[in-house]
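According to full-length UniProt numbering, the sequence shown is numbered sequentially starting from 1.
Worksheet for the structure shown next.
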Amino acid sequence: MVANTIGMNAQRGDDVKVVAMDFGANADEALEESGISDTMKLLGFALLAVALASIIGFIIISRIKKKKAEEDEEYDDVDEVELINKKIEEMESASKSENEEEENITLEEEVRKYASENPDRVTDLINSWLNV
Numbered sequence: 001m002v003a004n005t006i007g008m009n010a011q012r013g014d015d016v017k018v019v020a021m022d023f024g025a026n027a028d029e030a031l032e033e034s035g036i037s038d039t040m041k042l043l044g045f046a047l048l049a050v051a052l053a054s055i056i057g058f059i060i061i062s063r064i065k066k067k068k069a070e071e072d073e074e075y076d077d078v079d080e081v082e083l084i085n086k087k088i089e090e091m092e093s094a095s096k097s098e099n100e101e102e103e104n105i106t107l108e109e110e111v112r113k114y115a116s117e118n119p120d121r122v123t124d125l126i127n128s129w130l131n132v
C-alpha cells in the first residue's frame, strides 16, 4: 500500500522500509550533547529577568510621574491662591487710598466752608501760626 502511494518502481531498484522510530528522544539527546539545552534555558531566564525588570521599571516611572504631576498641581494651586491674595491686598490698599483721598477732600471742603463763614477767626488763626 505504501509502495503504490509513493510511486515505487521495483524495476528501478526502489526499496521502502517502514520502521517505528522515536524522533523526539534523538533530538533531546542531540541537544543535551551539544550543550544547547542549557544555553537555551539560560537565555530564557535572562529574557524573563529583562522582561520583569522592564515591567517593574515602567511601574516605578509611572508612579514617579504621577507624583510629580500631583505636586505640580499643588504648586499651581498655591500659586493661584497667592496671586488671588496679592490682588485682594492691592484692591484693599487701593480702596483705602481712595477713602483717604475722599476724607482729605471732605476735610478741605469743611475748612473752606469754615473759612468762608468765619473769615476773622481764620485770619487770627493764620496770624498766630505765623507769629509762633
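For glycine and all other residues, C-beta sits at the position ideal for the given N, C-alpha and C.
Taking a contact to mean a Cβ-Cβ separation below 8 Å, would you say Ile6 touches Val19 in this structure? The residue labelled residue 6 in the question sits at position 6 within the sequence shown. The residue labelled residue 19 in the question sits at position 19 within the sequence shown. No, Cβ-Cβ distance for Ile6 and Val19 is not below 8 Å.
What are the boundary residues of the alpha helix (DSSP H) that includes Arg121? Within the sequence shown, residue 121 is the residue found at index 121, counting from 1. Its alpha helix (DSSP H) spans residues Pro119 to Asn131.
Quick check on DSSP: helix, strand or coil for Lys17? If you number the sequence shown from 1, residue 17 lands on position 17. DSSP places Lys17 in coil when its eight states are reduced to three.
Out of curiosity, what's the CA-to-CA distance linking Leu42 and Glu80? Translated into the one-based positions of the sequence shown, residue 42 becomes position 42. Translated into the one-based positions of the sequence shown, residue 80 becomes position 80. Distance between the alpha carbons of Leu42 and Glu80 is about 57 Å.
Among the residues of its own chain, which have a CB less than 8 Å from the CB of Ser128, if the five just before and after it don't count? As a working note, residue 128 is residue 128 in the sequence shown. Answer for Ser128: no residue qualifies.
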